[in-house]
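In what follows, a structure is listed as structure tokens, so that the remarks can point back to it.
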Amino acid sequence: MDEREHISSSNTKKRSLVKRFLRLVLLILLCPVLLFLLLTFLFYLPPVQDWLVGIATEKISEETGKKVSIERLRITPLFDVELCKLLITNPQRFTDHDLQLHFSDGRNELHTDTLVYAESCVVDLNFSSLFQGRIAVDAFDLQKARVDTQDMLDEMVLDGRLGHFAFDVHDINLRHRHLRLSQAQLDGCDLDIALRDTVVVDEDTTSTDIPWRVFFQHLKLDDTHVTFHTVRDSMRVEASVEKMRLKKGLMDLDQQLLNVQDFRLKAPRVAYDMPYTPRTDSGIDASHVL
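Numbering (this note's numbering), first residue to last: 1 to 290.
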């Protein structure tokens with residue numbers, strides 16, 4: 001009888017040890033999963049997102065020499081990305097003498113030149129296609145943007161404002177480098193493009209190809225004014241576009257080709273002027289079309 005009790009007690013201890021071992025193994029296996037879920041939960045907390053945005057903008061500022069700031073960035077579990085008040089400024093244009101004059105006046109903040117400003121930007125992403133080398137953007141919406149390239153581009157100076165820009169992307173194929181747009185809309189744009197008279201040419205003359213093709217179904221452009229001129233205004237072209245529609249087209253950036261099946265344009269004003277060319281008193285003056 002004692003022997004049987006001893007054997008039964010021994011078996012009970014063994015089963016207890018096996019259960020503890022299995023629990024320990026299960027806990028070890030669940031730790032990475034629980035840690036991933038915890039990190040995912042923390043990632044969607046607004047204070048954590050603000051902290052990550054602060055680190056990212058500081059790193060970008062150090063790498064580019066530009067001051068980058070974002071008032072708010074929110075990412076939802078449904079992969080909606082909302083960005084509010086993006087500001088990129090160029091503090092390097094101020095000399096030490098300018099800084100001394102500025103701070104001697106008792107002000108603590110430096111007024112810098114704005115390169116890029118965006119009031120609001122919302123992107124609706126679909127990450128399920130990333131595993132196939134594709135990016136699906138269900139919607140993109142940009143409100144009240146401002147851009148001024150200043151001395152960032154060698155060929156031109158781009159300065160303008162953007163009222164509203166929105167588009168729906170059907171497909172972005174990174175592998176084959178093509179973009180399919182369902183529709184895109186641009187409203188309230190005022191753009192000034194100034195070509196530089198002289199361009200500094202780099203010794204490395206290797207051309208950079210852009211082998212991307214953009215397919216689109218509907219492109220809309222409303223209430224837009226564009227000015228194209230040289231820095232010293234030796235040539236000036238202006239166009240006020242009230243309405244422009246493009247349907248079923250292809251833009252080949254590598255071949256610099258644009259093919260459109262349907263194009264409609266309503267532009268109340270188009271002007272071409274060569275200010276330093278003398279005007280003719282009779283006939284059509286091709287240098288001054290106003």
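Ideal Cβ positions, reconstructed from N, Cα and C, are used throughout, including at glycine.
{"Asked": "Ser-120 versus Glu-71, Ser-287, Asp-138 and Pro-77, residue with shortest Cα-Cα distance", "Found": "Glu-71"}
{"Asked": "Sufficient close CB pairs (3 or more, under 8 angstroms) joining the region 250-258 to the region 270-284", "Found": "no"}
{"Asked": "C-beta contact flag for Asp-80 and Asp-124 at 7 angstroms", "Found": "yes"}
{"Asked": "Same chain only: Cβ atoms within 7 angstroms of Leu-158, ignoring 5 sequence neighbours per side", "Found": "Val-147, Thr-149 and Ile-193"}
{"Asked": "Separation of Leu-24 from Leu-86, as counted between CA atoms", "Found": "49 angstroms"}
{"Asked": "Residues of its chain near Leu-191, where Cβ-Cβ distance is below 6 angstroms and the 5 sequence neighbours each way are ignored", "Found": "Gly-160 and Val-226"}
{"Asked": "Rounded C-alpha distance that separates Lys-266 from Pro-275", "Found": "26 angstroms"}
{"Asked": "Touching by the beta-carbon criterion (3+ pairs, under 8 angstroms), the region 211-228 and the region 180-188", "Found": "yes"}
{"Asked": "For Ala-139 and Asp-168, believed in contact at Cβ under 8 angstroms, the rounded distance", "Found": "6 angstroms"}
{"Asked": "Whole-angstrom distance between Leu-17 and Glu-82, CA atom to CA atom", "Found": "52 angstroms"}
{"Asked": "Environment of Ala-355 [buried if 16+ CB atoms lie within 10 Å]", "Found": "A query on residue 355 cannot be resolved here, the shown segment of the chain reaching from 1 to 290 and no further."}
{"Asked": "Buried versus exposed, by CB contacts within 10 Å (16 or more), Asn-90", "Found": "buried"}
{"Asked": "Ala-267 - DSSP class collapsed to helix/strand/coil", "Found": "coil"}
{"Asked": "Beta carbon proximity, Asp-151 to chain B, threshold 7 angstroms", "Found": "No chain B appears in this structure, which consists of one protein chain only."}
{"Asked": "Alpha-carbon spacing of Leu-29 relative to Leu-37, whole angstroms", "Found": "14 angstroms"}
{"Asked": "Terminal residues of the beta strand (DSSP E) in which Ser-69 lies", "Found": "67-75"}
{"Asked": "Supposed contact pair Leu-115 and Ile-75 - C-beta distance, whole angstroms, cut 8 angstroms", "Found": "That pair is no contact at about 25 angstroms."}
{"Asked": "Inter-residue CB distance, Ile-60 and Val-68 (contact presumed, cutoff 8 angstroms)", "Found": "5 angstroms"}
{"Asked": "Straight-line Cα distance separating Asp-273 from Glu-58", "Found": "45 angstroms"}
{"Asked": "Residue from Val-237, Leu-174 and Arg-196 whose Cα sits closest to the Cα of Arg-213", "Found": "Leu-174"}
{"Asked": "Coarse secondary structure for Gln-255, derived from DSSP in three states", "Found": "coil"}
{"Asked": "Among Glu-62, His-288 and Phe-41, the one whose alpha carbon lies nearest that of Ser-234", "Found": "His-288"}
{"Asked": "Residue nearest to Leu-153 in terms of C-alpha spacing, selected from Ile-172, His-170, Arg-196 and Val-137", "Found": "Arg-196"}
{"Asked": "Identity of the residue in Ala-271, Glu-238 and Gln-217 nearest Leu-181 by Cα", "Found": "Gln-217"}
{"Asked": "Length of the line joining the Cα atoms of Ala-50 and Val-122", "Found": "The sequence given here has Asp at residue 50, not Ala. Between Asp-50 and Val-122, the C-alpha separation is close to 17 angstroms."}
{"Asked": "Per-residue DSSP class, three states only, for Ser-287", "Found": "coil"}
{"Asked": "Buried or exposed (CB count within 10 angstroms, at least 16 for buried), Val-241", "Found": "buried"}
{"Asked": "N- and C-terminal bounds of the beta strand (DSSP E) containing Thr-227", "Found": "213-230"}
{"Asked": "Proximity below 7 angstroms, CB of Arg-264 to CB of Arg-245", "Found": "yes"}
{"Asked": "Beta-bridge pairing of Ala-56 - partner residues as DSSP gives them", "Found": "None; Ala-56 has no bridge partner."}
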